[in-house]
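*Asks:*
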Amino acid sequence: MADRYLRFTGTAPGRFLTRRLGLPQPAALVRWSPERPCLDGDLLHLTAGKSDLDLAGTGLSLTASSQRPAAVLLDATGVRDVEGLDEVHAALHPVVRSVAASGRVVVLGAPLDPDDHHQAAVQQALEGFTRSLGKEIGRGRTVNLVRLTDALAAESTLRFLLSPKSAYVSGQVVEVGDGRGAETGDGRIAAPEDRDRPLAGRTALVTGGARGIGEAVAETLARDGARVVVLDVPAALADAERVAARLGGTALALDITADDAGERIARALPDGLDVLVHNAGITRDRRLVNMPAERWSSVLQVNLASVLRTTDALLASGTLRSGGRVVATASIAGLAGNAGQTNYGASKAGVVGLVRSLAPRALAEHGVTVNAVAPGFIETRMTASIPLFIREAGRRMNSLAQGGLPADVAETTAWLAHPASGAVNGQVVRVCGQSLLGA
Ligand code: NAD
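When we follow the working numbering, the leftmost residue of the sequence shown carries the number 1200, and every step to the right adds one.
1) Closest to residue 1477 by C-alpha separation, out of 1445, 1510 and 1497, would be which residue?
2) Can you determine whether any heavy atom of the ligand NAD sits closer than 7 angstroms to the C-beta of residue 1537, and answer yes or no?
3) Could you spell out the range, first to last residue, of the beta strand (DSSP E) harbouring residue 1477?
4) Exposed or buried, residue 1281, counting other C-beta atoms within 10 Å across all chains shown (16 or more means buried)?
5) Between residue 1485 and residue 1539, is the Cβ-Cβ spacing less than 8 angstroms?
6) Among 1288, 1299, 1300 and 1296, which one has its Cα closest to the Cα of residue 1321?
7) Are three or more beta carbon pairs between the segment 1527-1536 and the segment 1583-1596 nearer than 8 angstroms?
8) Rounded to a whole number of angstroms, what is the C-alpha to C-alpha distance between residue 1219 and residue 1604?
9) Using a Cβ cut-off of 8 angstroms (strictly closer), state whether residue 1344 contacts chain D.
10) Compute the distance between the beta-carbons of residue 1244 and residue 1261, then report whether it is under 8 angstroms.
11) Given this structure, state the Cα-to-Cα distance separating residue 1393 from residue 1236, to the nearest angstrom.
12) Is residue 1592 near the ligand NAD - that is, is its Cβ less than 7 angstroms away from at least one heavy atom of it?
13) Hey, would you say residue 1501 sits closer than 8 angstroms to residue 1550, going by beta carbons?
14) Is the segment 1510-1527 touching the segment 1615-1624 in the sense that three or more CB pairs, one from each, lie closer than 8 angstroms?
15) Between residue 1602 and residue 1313, what straight-line distance do the alpha-carbon atoms span, to the nearest angstrom?
16) I think residue 1416 touches residue 1609, with their Cβ atoms under 8 angstroms apart; what is that distance to the nearest whole Å?
17) Measuring only the C-alpha atoms, how far is residue 1441 from residue 1351?
18) Which residue from 1473, 1368 and 1363 puts its Cα closest to that of residue 1234?
19) From this set, 1254, 1214 and 1265, which residue's C-alpha is nearest residue 1239's C-alpha?
20) Using the Cα positions of residue 1347 and residue 1465, report the straight-line distance between them to the nearest angstrom.
21) Enumerate, from N- to C-terminal direction, the unbroken alpha helix (DSSP H) stretches of 4 or more residues contained entirely within the segment 1393-1460.
22) Would the beta-carbon of residue 1342 fall within 8 angstroms of that of residue 1304?
23) Check whether the Cβ of residue 1431 lies closer than 7 angstroms to any heavy atom of the ligand NAD, and answer yes or no.
24) Comparing alpha-carbon positions, which option in 1613, 1452 and 1561 lies nearest residue 1528?
25) If you reduce the DSSP assignment to three classes, tell me which class residue 1385 lands in.
26) Look up residue 1537 in the DSSP assignment and say whether it is helix, strand or coil.
27) Of all the options 1242, 1330 and 1268, which has the alpha carbon lying nearest to the alpha carbon of residue 1369?
28) Looking at C-alpha atoms only, which residue of 1444, 1361, 1587 and 1578 is the closest neighbour of residue 1241?
29) Can we count residue 1412 as close to the ligand NAD, meaning its CB is less than 7 angstroms from some heavy atom?
30) I think residue 1439 touches residue 1409, with their Cβ atoms under 8 angstroms apart; what is that distance to the nearest whole Å?
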């Protein structure tokens, strides 16, 4: 599983050799740790166009000038014409080189105006700009675009993207609503009382939580204060119990494809559920010409049918209560397609369809948001079993030239599960280091 190439390029001879040969030079990414919860340095605030956005309430400590910013927040919500795009260039051109390694560029855009094609054109232009800058910026730095109307509703998103937690999220466009329908208490999207344990008092269930990405998700949600339930197949019960015991949670042995899985989860959680993470997934790869019906349907059953069924059952029974969060797991294979994975690609694209259709209704009728993470190449047992050369190609074919870690998917899930993320709904967020696949 270890990325030896990344370690080699971190040494002086490795750097010399790979530069001479024109090989990828991945930077060691800075990730969240208790010792390093925030980016180290200034958060430079720039503006292009005339903006009405009020960032003051977010509590972000912004500065108007910095020699070596750890992050740049460019407010381009007021860009309405091509001249405004010139201001984007004028703002970022002089500072981009000075952004620290593993730093962040976050561009703020406005929703596309259906009645103003000039505004829509230049706001869409920000997407092409963001994705292109992400591909060229290098040194472990990331570039993302957030479309928003209300800075407070986007606070949890901005904090995530401007932190070490989003190390492997780049080239993404996230749309944040105004938060209507997702308010708490005083009618606003409130920050949790304890910023270090935002999920305190909440219960989270992670399917396939006994190992891999699911284990990391359970760990991260427990770190954020949630009481976790680690669900996995009966054959993995010992592992699920080990994970649950370490996190002070409980294990639930259940094959998620069982017809009554939703009812059994509801019975196991009489006090209700706040965060449902659909992580369990399998692959049964074969080209379509060689794929027997059993391989096809087992993948569709685990990756898609069970997600549809349990989500429906837990919403209908009221187990998933108001303020709840559903985070499903798609894949870049579901966005780009992948040879040998017609079954898997179909199942993961199905997850995207589910999220987009259900999200507005689930929020309106149940007060629950529905989003998906779409991992790229993540260093797990699943990817360790890929043959060497294909594995090496998969690892490097992204802007950060390396695979992600289970913790990267877990941090993204934790942001979507955050009590203050109620305005983030119906989004599919890739955790792929800006993979070249399906870009
Ligand atoms: P993994 O195989 O390491 O873990 C999957 C877990 O799901 C296992 O513990 C397994 O026992 C459990 N599981 C499988 N079928 C189940 C069922 N019927 N009921 C209950 N539990 C079941 O996989 P991973 O690499 O950690 O992947 C986790 C998720 O992320 C999957 O949905 C996968 O498709 C997705 N994903 C992974 C990658 C990657 O690079 N690893 C990339 C894209 C998407």
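Cβ coordinates follow ideal geometry from the N, Cα and C atoms, glycine included.
*Replies:* Based on what the coordinates show:
1) Working through the sequence shown from its first residue, we reach residue 1477 at position 278. With distances taken between Cα atoms, residue 1477 lies closest to 1510.
2) Numbered from 1 along the sequence shown, position 338 holds the residue referred to as residue 1537. Shortest gap from the CB of residue 1537 to any heavy atom of the ligand NAD: 7 angstroms or more.
3) Here residue 1477 refers to the residue found at position 278 of the sequence shown. It spans 1472-1477 - the beta strand (DSSP E) in which residue 1477 sits, taken as one unbroken run.
4) Sequence index remark: in the sequence shown, residue 1281 carries index 82 (1-based). Exposed is the call here.
5) Along the sequence shown, one-based indexing puts residue 1485 at 286. Along the sequence shown, one-based indexing puts residue 1539 at 340. Yes, they are a contact pair.
6) Taking the first residue of the sequence shown as 1, we reach residue 1321 at position 122. It is 1288 whose Cα lies nearest to the Cα of residue 1321.
7) Verdict: no, contact absent.
8) Along the sequence shown, one-based indexing puts residue 1219 at 20. Along the sequence shown, one-based indexing puts residue 1604 at 405. Linking residue 1219 to residue 1604 through their CA atoms gives a straight-line distance of about 28 angstroms.
9) Of the chains in the structure shown, none is chain D; there is only one protein chain.
10) As a position in the sequence shown, residue 1244 is number 45, starting the count at 1. As a position in the sequence shown, residue 1261 is number 62, starting the count at 1. Yes.
11) The count along the sequence shown starts at 1 and reaches residue 1393 at position 194. The count along the sequence shown starts at 1 and reaches residue 1236 at position 37. Rounded to the nearest angstrom, the gap between the Cα atoms of residue 1393 and residue 1236 is 15 angstroms.
12) One-based indexing of the sequence shown puts residue 1592 at position 393. Not so, every heavy atom of the ligand NAD lies at least 7 angstroms from the Cβ.
13) Indexing the sequence shown from 1 puts residue 1501 at position 302. Indexing the sequence shown from 1 puts residue 1550 at position 351. For residue 1501 and residue 1550, no; Cβs fall outside 8 angstroms.
14) Contact between the segment 1615-1624 and the segment 1510-1527 is established, with three or more Cβ pairs separated by less than 8 angstroms.
15) For the purposes of this step, residue 1602 is taken as residue 403 along the sequence shown, with counting starting at 1. For the purposes of this step, residue 1313 is taken as residue 114 along the sequence shown, with counting starting at 1. Between the C-alpha atoms of residue 1602 and residue 1313 there is a straight-line separation of about 38 angstroms.
16) Numbered from 1 along the sequence shown, position 217 holds the residue referred to as residue 1416. Numbered from 1 along the sequence shown, position 410 holds the residue referred to as residue 1609. That belief holds up - the Cβ atoms of residue 1416 and residue 1609 are roughly 4 angstroms apart, short of 8 angstroms.
17) By one-based count along the sequence shown, residue 1441 stands at place 242. By one-based count along the sequence shown, residue 1351 stands at place 152. Our two residues, residue 1441 and residue 1351, have alpha carbons roughly 39 angstroms apart in a direct line.
18) Translated into the one-based positions of the sequence shown, residue 1234 becomes position 35. Nearest option by C-alpha distance: 1363.
19) On the sequence shown, position 40 is the one that residue 1239 refers to. When each option's Cα is compared against that of residue 1239, the closest is 1265.
20) If you number the sequence shown from 1, residue 1347 lands on position 148. If you number the sequence shown from 1, residue 1465 lands on position 266. Rounded to the nearest angstrom, the two C-alpha atoms are 35 angstroms apart.
21) Look at the segment 1393-1460 and you find these whole runs of alpha helix (DSSP H), each 4 residues long or longer: 1411-1422 and 1436-1446.
22) Translated into positions along the sequence shown, residue 1342 becomes position 143. Translated into positions along the sequence shown, residue 1304 becomes position 105. Cβ distance < 8 angstroms, so residue 1342 and residue 1304 count as in contact.
23) Position 232 of the sequence shown holds residue 1431. Between the ligand NAD and the CB of residue 1431, the shortest heavy atom gap is smaller than 7 angstroms.
24) As a position in the sequence shown, residue 1528 is number 329, starting the count at 1. Minimum Cα distance to residue 1528 is reached at 1613.
25) Position 186 of the sequence shown, counting from 1, holds the residue named residue 1385. The predicted model places residue 1385 with a pLDDT of 48, which falls under 50 and marks its position as unreliable; any figure quoted below should be read in that light. Residue 1385: coil per DSSP, three-state reduction.
26) For the purposes of this step, residue 1537 is taken as residue 338 along the sequence shown, with counting starting at 1. DSSP places residue 1537 in coil when its eight states are reduced to three.
27) Mapped onto the sequence shown, residue 1369 falls at position 170. Minimum Cα-Cα distance from residue 1369 among the listed residues 1242, 1330 and 1268 corresponds to 1330.
28) On the sequence shown, position 42 is the one that residue 1241 refers to. The candidate whose alpha carbon is nearest that of residue 1241 is 1361.
29) Position 213 of the sequence shown, counted from the start, is the residue given in the question as residue 1412. Within the cutoff, so yes.
30) To locate residue 1439, count along the sequence shown from 1; it is residue 240. To locate residue 1409, count along the sequence shown from 1; it is residue 210. Contact holds; Cβ gap of about 4 angstroms.
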